Amino acid sequence: MKSTFRMMVWGANRTRLWPSVVIAALGLLFLDNEANTRPKRFISDPITGLALAGHDPVAYFVDGYPRRGSDEYTYQWGGALWVFVNQGNREAFKLAPHAYAPLYAGCGGYALSEGYATAGNPTTFAFINGRLVFFHSPVNRFLYLVNVDLMATAAAENARKTRCEPLL
Numbered sequence: 027m028k029s030t031f032r033m034m035v036w037g038a039n040r041t042r043l044w045p046s047v048v049i050a051a052l053g054l055l056f057l058d059n060e061a062n063t064r065p066k067r068f069i070s071d072p073i074t075g076l077a078l079a080g081h082d083p084v085a086y087f088v089d090g091y092p093r094r095g096s097d098e099y100t101y102q103w104g105g106a107l108w109v110f111v112n113q114g115n116r117e118a119f120k121l122a123p124h125a126y127a128p129l130y131a132g133c134g135g136y137a138l139s140e141g142y143a144t145a146g147n148p149t150t151f152a153f154i155n156g157r158l159v160f161f162h163s164p165v166n167r168f169l170y171l172v173n174v175d176l177m178a179t180a181a182a183e184n185a186r187k188t189r190c191e192p193l194l
């Protein structure tokens, strides 16, 4: 049985292009581009564009747990589209969005206390001093709550550095 082997031959143009691609990639890695490192506003779902992955921010306070909002009740605020369970929740949010929006623009509270940013999980949350705080995982939530005063202070200090503080 005869096997065939085809070898790719790099042309002169590809050979000259390769160093440019490598230099551009390295430049992007080391370039401090603040505009693209962290969200300027609230973290939204990259696919749907919805804040809190489509959960109603008011429902956390009213019902005590996350509830999916409806496309019928939406409101654009803070660079994201927010959805609500009903008209009452949407109106409450319109009156006091800072009271219902998650602290740290939706970034994980424990990660911020450690000095880095992760997107918080809308189903892993806690109320800290009357504010909604998300966490990346249940373990992170536990570690944050064990020493909440120290963690909250550190997270607040790191929120600006990591751009997890909404610019409103």
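Every position in the sequence shown, counted from 1, becomes a number in the working numbering once 26 is added. Idealized CB from N, CA, C, for every residue including glycine. Note that the structure is a prediction, hence the values are computed from the model and not measured.
Residue i versus residue j - alpha carbon distance
i           : j           : result
residue 88  : residue 112 : 12 Å
residue 110 : residue 155 : 23 Å
residue 99  : residue 167 : 30 Å
residue 118 : residue 172 : 32 Å
residue 78  : residue 148 : 6 Å
residue 126 : residue 150 : 16 Å
residue 71  : residue 81  : 11 Å
residue 159 : residue 121 : 20 Å
residue 187 : residue 86  : 28 Å
residue 60  : residue 139 : Residue placement at residue 60 cannot be trusted, given a pLDDT of 41 that sits under 50; what the coordinates show is reported in the next sentence. Distance between the alpha carbons of residue 60 and residue 139 is about 20 Å.
residue 134 : residue 90  : 19 Å
residue 163 : residue 115 : 27 Å
residue 183 : residue 73  : 30 Å
residue 69  : residue 128 : 10 Å
In DSSP terms, what residue i is bridged to
i           : result
residue 154 : 157
residue 107 : 76, 102
residue 145 : 133
residue 81  : 94
residue 70  : 77
Buried or exposed (CB count within 10 angstroms, at least 16 for buried), residue i
i           : result
residue 153 : exposed
residue 176 : exposed
residue 84  : buried
residue 165 : exposed
residue 146 : buried
residue 179 : exposed
8 Å Cβ cutoff met for residue i and residue j
i           : j           : result
residue 136 : residue 161 : yes
residue 123 : residue 95  : no
Cβ-Cβ separation, residue j to residue i (assumed contact under 8 Å), whole Å
i           : j           : result
residue 190 : residue 101 : In fact, because the Cβ distance is near 22 Å, the residues do not count as touching under 8 Å.
residue 107 : residue 75  : 6 Å
Any chain B beta carbon closer than 8 Å to residue i
i           : result
residue 163 : Protein chain content of the structure displayed is limited to a single chain, and chain B is not contained in it.
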